[in-house]
Amino acid sequence: MNRLATRFTGLDFVNPFVLASAPPTESKRKILRAFEAGWGGVVTKTIGLHPVENVAGPKTIYQRTSETKPYVSRMKRPDTVSHSSWNWELISDQPLEQWLPDLEEIKTTYPDRMLIASIMAGAGSEEEMNNWAKLAKACVNAGCDALELNMSCPHMDRKDMGANIANDEEIIRSILKAVTAAVSVPIWVKLTPSTSSLVEAAGVAYAAGASSISLCNTFPSLPLLDPETLKFEVEVDGLVTSGGLGGLAILHQALQRVSDVSRAYPDKSISGIGGIRGFREAFNFIAHGAGNLQVCTAAMEEKGSGGIGVNLIQELTGDLNDYLERKGLSSIEEIRGIARDRIVEHAQVRRKSEAYNGGYAQSA
Ligand SMILES: Cc1cc2nc3c(=O)[nH]c(=O)nc-3n(C[C@H](O)[C@H](O)[C@H](O)COP(=O)(O)O)c2cc1C
1 MNRLATRFTG LDFVNPFVLA SAPPTESKRK ILRAFEAGWG GVVTKTIGLH PVENVAGPKT
61 IYQRTSETKP YVSRMKRPDT VSHSSWNWEL ISDQPLEQWL PDLEEIKTTY PDRMLIASIM
121 AGAGSEEEMN NWAKLAKACV NAGCDALELN MSCPHMDRKD MGANIANDEE IIRSILKAVT
181 AAVSVPIWVK LTPSTSSLVE AAGVAYAAGA SSISLCNTFP SLPLLDPETL KFEVEVDGLV
241 TSGGLGGLAI LHQALQRVSD VSRAYPDKSI SGIGGIRGFR EAFNFIAHGA GNLQVCTAAM
301 EEKGSGGIGV NLIQELTGDL NDYLERKGLS SIEEIRGIAR DRIVEHAQVR RKSEAYNGGY
361 AQSA
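Quick look at the structure:
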């Protein structure tokens, strides 16, 4: 009996752990190694139609902290632990034409692993809608089991792309219309955590045909400035721009986003992402309603494996399996969403005395 087997958005996963769209899934070579290592699926690095040129410096830094000197920095110091990743990497620089034969080979080599293509185009014109449809059709024809629509990249100058569009319900609807008309595989929509209308955006996406929402992409953020050198921890010619924070530092915030969407739409699917580096984090996402788990920073930090988390996937599957076995559970479905009912409004939490009425309309 495979307790780790998971059916998610109609797809059968040998285990619920998926490498998120990022450097670990940027090439055929890495994806094949990831499947060999045991990952249940991958979401490819986001594929687009527009040429990409990254900044002339490091694209990602790994920030660490320590008990003795508890500041956050990429600087090498003894006895540090991981805090976060920060990146300003753009989408894949490999053109679609090069991706297509690679996707085909990956799917043929590992037919039992789920291959999800992350795609991104612009918005606001028929041409851009055709671009979404073109990317979708091409990836599905190459054998992809599902698509993840990137509506959440935190560092796009273009106002019609990435996180910039995630507040626009009309745009979300129009992209889903174009993609669902083009292909019939499950469509996952990756939204940005950086909006106050996330629950509404997710609702619009589900209603327009999304099978699942993927949460979260990285949180828009800035790298730190060193007080001595006055340099940012990552910069080019002294300049920096908004990038994305990932890893352990975003875990709690990502859980809250997943919980919000999952409580609003308990019958819908959600893929949990943000700060997963072991069983406990994965468990928390499942408890809040996620039926699928994506990992990026923790895999990238495992340098010995070339940044694809060879040991990590063994640990994740081993620890989840042990837990399910120990608790007599047959799959993660039995614990999915168990935390939902215990997330309540502030006023519903017991007080030390009856004195508190603040903001609670019923008792005021
Ligand atoms: C270097 C880097 C590149 C990324 N590129 C993409 C991308 O192309 N498309 C995308 O949807 N997310 C991208 N992400 C976001 C990750 O897929 C993931 O949502 C985020 O890192 C949070 O997960 P984590 O805490 O496990 O890192 C990238 C993240 C990093 C660190």
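For the sequence shown, full-length UniProt numbering begins at 1 and goes up steadily by one. Note that CB positions come from ideal geometry on N, CA and C, so glycine has one too.
Please list, in chain order, all residues of the same chain as T297 whose beta carbon is under 6 Å from its beta carbon, the five residues on each side excluded. Contacts found: S85, G246, G247.
Just the Cα atoms here: how many angstroms apart are L32 and I106? Between L32 and I106, the C-alpha separation is close to 6 Å.
Opposing strand residues paired with residue 429 [DSSP bridges]: No statement about residue 429 is possible, as the shown extent of the chain runs from 1 to 364 and does not include it.
I'd like to confirm something about C139: is its beta-carbon nearer than 8 Å to some heavy atom of ligand 1, or not? Remark: the shortest separation between the CB of C139 and any heavy atom of ligand 1 does not fall under 8 Å.
beta-carbon G306 near ligand 1 non-hydrogen atom, thresh 8 Å: Checking the 8 Å criterion, the Cβ of G306 is out of range of every heavy atom belonging to ligand 1.
Assuming S174 and M129 are in contact, meaning their beta carbons sit under 8 Å apart, how far apart are those beta carbons, in whole angstroms? About 6 Å separates the two Cβ atoms, so the contact holds.
At 4 residues or longer, and completely inside the region 63-141: list those alpha helix (DSSP H) runs for me, N to C. The DSSP assignment places 96-109, 126-141 as complete runs of the alpha helix (DSSP H) inside the region 63-141, in order along the chain (cut-off: 4 residues).
S259 and residue 407 - do their beta-carbons sit closer together than 9 Å? Absent from the structure is residue 407, since the part of the chain shown begins at 1 and ends at 364.
Would L320 and F283 qualify as a contact pair, given that the criterion is a beta-carbon distance under 9 Å? Yes; because the gap between Cβ atoms is below 9 Å, this pair is in contact.
Is any heavy atom of ligand 1 found at a distance shorter than 8 Å from the C-beta of M300? Within the cutoff, so yes.
Would you kindly check if the distance between the Cβ of K177 and the Cβ of G203 is under 9 Å? No, the Cβ-Cβ distance between G203 and K177 is not below 9 Å.
Distance between beta carbons of W39 and F17, contact taken as under 8 Å: With 8 Å as the limit, F17 and W39 qualify as a contact, their Cβ atoms being about 6 Å apart.
Between A163 and P154, which are expected to be in contact by the criterion C-beta below 8 Å, what is the C-beta distance as a whole number of angstroms? Between the beta-carbon of A163 and that of P154 there is about 5 Å, and that keeps the pair under the 8 Å contact cut.
Which one or two residues does DSSP pair with R263 in a beta bridge? Answer is none; R263 lacks a bridge partner.
Please state whether the Cβ-Cβ distance between N131 and S21 is less than 9 Å. Not a contact, by the Cβ cut-off of 9 Å.
By the DSSP assignment, the beta strand (DSSP E) with S353 in it spans what residues? Taken as a continuous stretch (DSSP letters only), S353 belongs to no beta strand (DSSP E), as it is neither H nor E.
Excluding the five sequence neighbours on either side, which residues of its own chain have a C-beta within less than 6 Å of the C-beta of C216, listed in chain order? Within the same chain, C216 has close Cβ partners P193, A254, R257, I273, G274.
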